[in-house]
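Q: Protein chains in written order, with our numbering: chain A, 1 to 265; chain B, 266 to 772.
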Amino acid sequence: MRNIIKENCHQRNMSKRGQIGLFVIMAVVILAIVIAFLLFRGVKLPGTEDTATPQQYMSSCLEPVIEPLVGEIAGQGGYTEPEGFIVYNDTKLPYLCYTSEYFKPCVIQQPDIIGNFERSLNSALLEEVRRCTEQFESEFESRRYSVSRSTTAVNASFTPGKIQVEVLAPMTISRDVSRTYQKFDLSFKSEYYDILSISTSILDFESTYGDSETTAYMRYYPDVKILKNKLSDGTKIYTVSNVVSGEEFTFATRSLAWAAGYPPQ
Amino acid sequence: MNKTTTVFTISVAIIIVLLSASATAADPTVCCEKTKATSKQGVLYCQNVPVSECDASAKQVPTACESTSYCKPGVCYNSREGTCLDNTPEIVCNANGGQWSATFPAQCNLGCCVLGDQAAFVSLVRCKRLSSFLGLTTNYKQNIQNEVQCVLEVQNQEKGACVYEHEFEKTCTFTTRGTCTSGVNGTSIKGEFFGGKLCTAEEIGAPCAPTQQTTCVPGKDGVYFVDSCGNAANIYDASKLNDKSYWSTALDVSESCNPNSYNANSKTCGNCNYLSGSYCRTTTRNNRPTYGNAICTDLNCKKTSNGNSYKHGESWCVYTDAGKKDISDNAVGSRFYKHVCVNGEEVIEQCADFRQEECIEDTIEIPGGKFSQAACRVNRWQDCTNQGEKIDCENTERRDCVWKEGIILTNASSQGACIPKNSPGLKFWEGESTKAICAQANAACIVTFKKGVFRGEECDQNCHCLTEGWKQERATVCKALGDCGPKINWVGQEGYKAGFKITQERQ
Numbered sequence: 001m002r003n004i005i006k007e008n009c010h011q012r013n014m015s016k017r018g019q020i021g022l023f024v025i026m027a028v029v030i031l032a033i034v035i036a037f038l039l040f041r042g043v044k045l046p047g048t049e050d051t052a053t054p055q056q057y058m059s060s061c062l063e064p065v066i067e068p069l070v071g072e073i074a075g076q077g078g079y080t081e082p083e084g085f086i087v088y089n090d091t092k093l094p095y096l097c098y099t100s101e102y103f104k105p106c107v108i109q110q111p112d113i114i115g116n117f118e119r120s121l122n123s124a125l126l127e128e129v130r131r132c133t134e135q136f137e138s139e140f141e142s143r144r145y146s147v148s149r150s151t152t153a154v155n156a157s158f159t160p161g162k163i164q165v166e167v168l169a170p171m172t173i174s175r176d177v178s179r180t181y182q183k184f185d186l187s188f189k190s191e192y193y194d195i196l197s198i199s200t201s202i203l204d205f206e207s208t209y210g211d212s213e214t215t216a217y218m219r220y221y222p223d224v225k226i227l228k229n230k231l232s233d234g235t236k237i238y239t240v241s242n243v244v245s246g247e248e249f250t251f252a253t254r255s256l257a258w259a260a261g262y263p264p265q
Numbered sequence: 266m267n268k269t270t271t272v273f274t275i276s277v278a279i280i281i282v283l284l285s286a287s288a289t290a291a292d293p294t295v296c297c298e299k300t301k302a303t304s305k306q307g308v309l310y311c312q313n314v315p316v317s318e319c320d321a322s323a324k325q326v327p328t329a330c331e332s333t334s335y336c337k338p339g340v341c342y343n344s345r346e347g348t349c350l351d352n353t354p355e356i357v358c359n360a361n362g363g364q365w366s367a368t369f370p371a372q373c374n375l376g377c378c379v380l381g382d383q384a385a386f387v388s389l390v391r392c393k394r395l396s397s398f399l400g401l402t403t404n405y406k407q408n409i410q411n412e413v414q415c416v417l418e419v420q421n422q423e424k425g426a427c428v429y430e431h432e433f434e435k436t437c438t439f440t441t442r443g444t445c446t447s448g449v450n451g452t453s454i455k456g457e458f459f460g461g462k463l464c465t466a467e468e469i470g471a472p473c474a475p476t477q478q479t480t481c482v483p484g485k486d487g488v489y490f491v492d493s494c495g496n497a498a499n500i501y502d503a504s505k506l507n508d509k510s511y512w513s514t515a516l517d518v519s520e521s522c523n524p525n526s527y528n529a530n531s532k533t534c535g536n537c538n539y540l541s542g543s544y545c546r547t548t549t550r551n552n553r554p555t556y557g558n559a560i561c562t563d564l565n566c567k568k569t570s571n572g573n574s575y576k577h578g579e580s581w582c583v584y585t586d587a588g589k590k591d592i593s594d595n596a597v598g599s600r601f602y603k604h605v606c607v608n609g610e611e612v613i614e615q616c617a618d619f620r621q622e623e624c625i626e627d628t629i630e631i632p633g634g635k636f637s638q639a640a641c642r643v644n645r646w647q648d649c650t651n652q653g654e655k656i657d658c659e660n661t662e663r664r665d666c667v668w669k670e671g672i673i674l675t676n677a678s679s680q681g682a683c684i685p686k687n688s689p690g691l692k693f694w695e696g697e698s699t700k701a702i703c704a705q706a707n708a709a710c711i712v713t714f715k716k717g718v719f720r721g722e723e724c725d726q727n728c729h730c731l732t733e734g735w736k737q738e739r740a741t742v743c744k745a746l747g748d749c750g751p752k753i754n755w756v757g758q759e760g761y762k763a764g765f766k767i768t769q770e771r772q
């Protein structure tokens, strides 16, 4: 009986010690969280007096540049430097479908409009992302933190209603404690996915039938407006836009062109 | 009576000034894998071009691209998006991460993709992609082989309140029976389904309550009330905000406020009708509804350029350039235009230049009026002058020509002339082809004169060729053939020369 009580006392002592250990661990964790919070809360948002987390910092740094950058690329059919193009209003517009002949449907020149736009955006964004990470680094270093970074990469993708930007910027920030970030997932509101999908469908009609019926698209998609400008040489300039967001995508095609006068023999 | 005959030949010829007629040396056409980079066009792939335009390092064979192995058009399959594009060369497809095949691959076969209460007739991979975007489990029906059947498949789905537990809390979503019983929001969580009920119905015991908020629902026309769980309820009706029964059972649009009106800009009723010209949109500050911030926006076009009003989606033909259409008297540089009413805006779309396309329009009867539809269609003028019979000339299934009785073209032997209804535009400033087309209007008329003993010469035969009317008639034929003769341009200006010449010879 005594042995049993002893055993119970021993167990109770053990349990007490375990509890104390647990409290110590919890205290350390809480302290680490508090230090981490104090350490990382005070990053100034670019252009404001507000403070933000690194995620918010990257987002606010890229937000002002992403819209004009996407708009600029969209104004050139998803290219920063089009390969085959027509110069229209001093802008190089890519031929996404083209034939040099008359009376023939065009041959596709860009079958992956969305993927190509994403690739163009990635290369254009990389410079901006580097600028943001450098700003981020100097902001921390000015506060006597040490920041170690490795190569920066960016992966933008279009999805319905948004542009998702994955900034791969592995970095470790340390002073008393260290914290490592691998990537930042950012999201920006955009209707480009639908615009580019409709543009792909227009290309399908152009390459199959030689023309597209824009009125049908506009009746089917209430927010979409399509302008088709037919030039004298048979080139068509398409501008597909969303009337609510105001986003536009412009490209050229030349398909089933009609020669003036009698068909050449 | 001594009688002598004098013959005059009067001929009308068209003056054509040819600015450039330089003949080019023979430059054989090749199927060029990649054209030479130029500042005007850059680089293009798989084009049938003269050999001088082809990049020297690119593959090139003097045959059509369809017959080559390297530029043969095929189907490019995009495995990420699940889309297929026809008429794509292999080199272009592969360079952009696609999978090329000469024939239609099995991956491009279409089926019915059910996306909640919506449907899309797409490939299986496309269906998976769309389902993942919407957080739904893929529901693909390969056996449905046409789009109409696919749409009908989802229209018959029963909808209602789906009550389920999420993170130890009861909640509710308004969805289809299938989604509720198979897994809510793409998860494996199954809920209890109440057909025809809203999540705010008291009897189902869901924690959702009515709110004053409204929203636009993708795929639907109207403005909808939103409950406290974020579900769209019935159509916004300001008078029903506190009506418990209105927040209990799901109602059809025909049972909602003002079903016979399109309710554009109504502050109290959100029963928009897209076909009649209204659609749910977030409001501007100066046009707010009684509750919420969504309203039925008016998409119709009031007082367009021709003075008429049109519904959203209506299109109509416009020909405002100088000259006249459909009577073979089109002006140089004129063209047809199609106008479209889109979101309250009049959008202009040109038909092909040189009047190679003309605009056609028609109206259909719809509930509440007429609906105008226009299209640019090929101007089939090319074989008009070859027709010798009126019936062939006016065969509208084959060509767009008009028959002119009593007029003779140069090479025709019939009693009339078949000319284009809308004369084509020509590149009269280059090449020789314009000369050949316009020359069809050349005519020689032999007028015979009689010389009397006591009188002078007197016209005997073909005297009409000496009249002003005959000159006008020949000018009309001339103008009808294309940009020939005494034409005006699209802003109404006459040319610097007469456009035709009359010569007289005495034999």
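We put the beta carbon where it would ideally sit given N, CA and C, even for glycine.
1) Compare the C-beta of asparagine 571/B with all C-beta atoms of chain A and state if any pair is closer than 9 Å.
2) Let me know the alpha helix (DSSP H) ranges lying completely inside the region 620-685 of chain B, each 4 residues or longer, listed in chain order.
3) Can you give me the C-alpha to C-alpha distance between tyrosine 79/A and valine 667/B, rounded to a whole angstrom?
4) With DSSP run on the structure shown, which of helix, strand or coil describes glycine 425/B?
5) Quick one, are the C-beta atoms of alanine 153/A and leucine 69/A less than 9 Å apart?
6) Relative to the C-alpha of phenylalanine 103/A, which candidate in Gly261/A, Leu256/A, Ala260/A has its C-alpha closest?
7) To which residues of the same chain is glycine 347/B closer than 8 Å at the C-beta, ignoring the five residues directly before and after it?
8) Whose C-alpha, out of Ala640/B, Phe636/B, Ala596/B, Tyr575/B, is nearest the C-alpha of glutamate 610/B?
9) Measuring only the C-alpha atoms, how far is cysteine 299/B from valine 612/B?
10) Can you grab the Cα-Cα spacing for the pair phenylalanine 439/B / cysteine 61/A, in whole Å?
11) Leaving out five residues before and five after glutamate 626/B in sequence, what residues of the same chain have Cβ atoms less than 7 Å from its Cβ?
12) Following the continuous alpha helix (DSSP H) through aspartate 204/A, name the residue where it begins and the one where it ends.
13) At the level of alpha carbons, what is the spacing between aspartate 204/A and serine 120/A?
14) When the distance is taken between beta carbons, is isoleucine 702/B closer than 9 Å to glycine 588/B?
15) Please return the same chain residues whose Cβ sits closer than 6 Å to the Cβ of aspartate 223/A, not counting the five positions on each side in sequence.
16) Using 8 Å as the threshold, is the region 480-498 of chain B in touch with the region 538-553 of chain B, meaning 3 or more CB pairs across them?
17) Hey, quick one: how far does the alpha helix (DSSP H) through lysine 509/B stretch, first residue to last?
18) How would you label aspartate 563/B, buried or exposed, when you count the other beta carbons within 10 angstroms and need 16 or more for buried?
19) Below 9 Å on C-beta distance, what does glutamine 55/A contact in chain B?
20) Output the distance between the C-alpha atoms of glycine 234/A and lysine 406/B, rounded to the nearest integer angstrom.
21) Is there a Cβ of chain A sitting closer than 9 Å to that of alanine 780/B, yes or no?
22) Counting only runs of 4+ residues fully inside the region 351-439 of chain B, write out the alpha helix (DSSP H) ranges in chain order.
23) Among the residues of its own chain, which have a CB less than 6 Å from the CB of isoleucine 66/A, if the five just before and after it don't count?
24) In chain order, what residues of the same chain lie with their CB nearer than 7 Å to the CB of glutamine 182/A, ignoring the 5 residues before and after it?
25) Per DSSP, what kind of secondary structure is threonine 476/B in: helix, strand or coil?
26) Output, in chain order, the set of chain B residues within a Cβ distance shorter than 8 Å of serine 232/A.
27) If we require 4 or more residues per run, which alpha helix (DSSP H) segments fall completely within the region 728-764 of chain B?
28) Am I right that glutamine 109/A and tyrosine 310/B are in contact with their C-beta atoms under 8 Å? What's the rounded C-beta distance?
29) Would you call the CB atoms of glutamine 705/B and threonine 741/B closer than 9 Å?
30) From the DSSP output, in three-state form, read off threonine 555/B for me.
31) What does the Cβ neighbour count give for threonine 441/B, buried or exposed, with the cut at 16 atoms within 10 Å?
32) Mapping DSSP to helix, strand and coil, what is glutamine 705/B?
33) So, is alanine 288/B buried or exposed, given that buried needs 16 or more other C-beta atoms within 10 angstroms?
34) Give the DSSP-derived three-state secondary structure of isoleucine 20/A in the structure shown.
35) Do the region 709-726 of chain B and the region 642-660 of chain B make contact, defined as three or more Cβ pairs closer than 8 Å?
36) State the Cα-Cα distance for the pair cysteine 537/B and cysteine 606/B, rounded to the nearest angstrom.
A: Let me lay it out:
1) Here residue 571/B corresponds to residue number 306 of the second sequence, with the count starting at 1. So no, asparagine 571/B is outside the interface.
2) 655-658
3) Position 79 of the first sequence holds residue 79/A. Position 402 of the second sequence holds residue 667/B. Straight-line Cα distance between these residues: approximately 48 Å.
4) Position 160 of the second sequence, counted from the first residue, corresponds to residue 425/B. Strand.
5) Residue 153/A sits at position 153 when you count from the first residue of the first sequence. Residue 69/A sits at position 69 when you count from the first residue of the first sequence. Against a cut-off of 9 Å, the Cβ pair of leucine 69/A and alanine 153/A comes out as no contact.
6) Translated into positions along the first sequence, residue 103/A becomes position 103. For the residues Gly261/A, Leu256/A, Ala260/A, the minimum Cα distance to phenylalanine 103/A belongs to Leu256/A.
7) Here residue 347/B is taken as the residue at index 82 of the second sequence, counted from 1. Taken in chain order, the residues that qualify are Gln372, Val387, Ser388, Leu389, Val390, Arg391, Cys392, Lys393, Arg394.
8) Position 345 of the second sequence holds residue 610/B. The shortest C-alpha to C-alpha distance from glutamate 610/B to any of Ala640/B, Phe636/B, Ala596/B, Tyr575/B is the one to Tyr575/B.
9) In the second sequence, the residue the question calls residue 299/B occupies position 34. In the second sequence, the residue the question calls residue 612/B occupies position 347. The sequence given here has lysine at residue 299/B, not cysteine. Whole-angstrom Cα-Cα distance: 37 Å.
10) Mapped onto the second sequence, residue 439/B falls at position 174. Mapped onto the first sequence, residue 61/A falls at position 61. Distance between the alpha carbons of phenylalanine 439/B and cysteine 61/A is about 39 Å.
11) For this step, residue 626/B is matched to residue 361 along the second sequence. Taking C-beta separations shorter than 7 Å and ignoring five residues to either side along the sequence, the partners of glutamate 626/B in its chain run Trp581, Cys582, Ser637, Gln638, Ala639, following chain order.
12) As a position in the first sequence, residue 204/A is number 204, starting the count at 1. If you look at aspartate 204/A, you'll find it in the alpha helix (DSSP H) that goes 192-209.
13) Position 204 of the first sequence holds residue 204/A. Position 120 of the first sequence holds residue 120/A. One C-alpha to the other measures close to 22 Å.
14) Position 323 of the second sequence, counted from the start, is the residue given in the question as residue 588/B. Position 437 of the second sequence, counted from the start, is the residue given in the question as residue 702/B. In this structure, isoleucine 702/B does not lie closer than 9 Å to glycine 588/B by Cβ.
15) In the first sequence, the residue the question calls residue 223/A occupies position 223. Taken in chain order, the residues that qualify are Asn242, Val243, Val244.
16) By the C-beta criterion, the region 480-498 of chain B is judged to be in contact with the region 538-553 of chain B, since at least 3 inter-stretch pairs fall below 8 Å.
17) Taking the first residue of the second sequence as position 1, residue 509/B is located at position 244. It is not in any alpha helix (DSSP H) - lysine 509/B carries neither H nor E in the DSSP assignment.
18) Position 298 of the second sequence, counted from the first residue, corresponds to residue 563/B. So aspartate 563/B counts as buried.
19) On the first sequence, position 55 is the one that residue 55/A refers to. The premise fails here: glutamine 55/A is roughly 23 Å from chain B at the closest Cβ pair, so nothing lies under 9 Å.
20) Indexing the first sequence from 1 puts residue 234/A at position 234. Indexing the second sequence from 1 puts residue 406/B at position 141. Approximately 41 Å, taken between the alpha carbons.
21) Here chain B covers residues 266 to 772 and nothing more, so residue 780/B does not appear.
22) Counting only runs of 4 or more, we get 355-360, 389-399, 412-420.
23) Mapped onto the first sequence, residue 66/A falls at position 66. Closer than 6 Å at the Cβ level, and outside the excluded window around isoleucine 66/A, lie Phe188.
24) Position 182 of the first sequence, counted from the first residue, corresponds to residue 182/A. Cβ neighbours of glutamine 182/A beyond the five flanking positions: Pro170.
25) Within the second sequence, numbered from 1, the residue matching residue 476/B stands at position 211. In the structure shown, threonine 476/B sits in a strand (DSSP, three-state: E or B).
26) Numbered from its first residue, the first sequence carries residue 232/A at position 232. Near serine 232/A (Cβ distances below 8 Å), the residues of chain B are Asp618, Phe619.
27) 733-745
28) By 1-based counting over the first sequence, the position of residue 109/A is 109. By 1-based counting over the second sequence, the position of residue 310/B is 45. Contact holds; Cβ gap of about 6 Å.
29) Here the question's residue 705/B lines up with position 440 in the second sequence. Here the question's residue 741/B lines up with position 476 in the second sequence. In this structure, threonine 741/B does not lie closer than 9 Å to glutamine 705/B by Cβ.
30) Here residue 555/B corresponds to residue number 290 of the second sequence, with the count starting at 1. Threonine 555/B: coil per DSSP, three-state reduction.
31) The residue you call residue 441/B lines up with position 176 of the second sequence. Result: buried.
32) As a first step, residue 705/B must be located in the second sequence, where it is residue number 440. Three-state result, glutamine 705/B: helix.
33) In the second sequence, residue 288/B corresponds to position 23, counting from 1. With a pLDDT of only 36 at alanine 288/B, under 50, the local geometry of the prediction cannot be trusted, and the value read off the model is given with reservation. Classification of alanine 288/B: exposed, given that the 10 Å Cβ count is below 16.
34) Start at 1 with the first residue of the first sequence, and residue 20/A comes out as number 20. Isoleucine 20/A: helix per DSSP, three-state reduction.
35) no
36) Taking the second sequence and counting its residues from 1, the one referred to as residue 537/B is at position 272. Taking the second sequence and counting its residues from 1, the one referred to as residue 606/B is at position 341. Cα-Cα distance, rounded: 18 Å.
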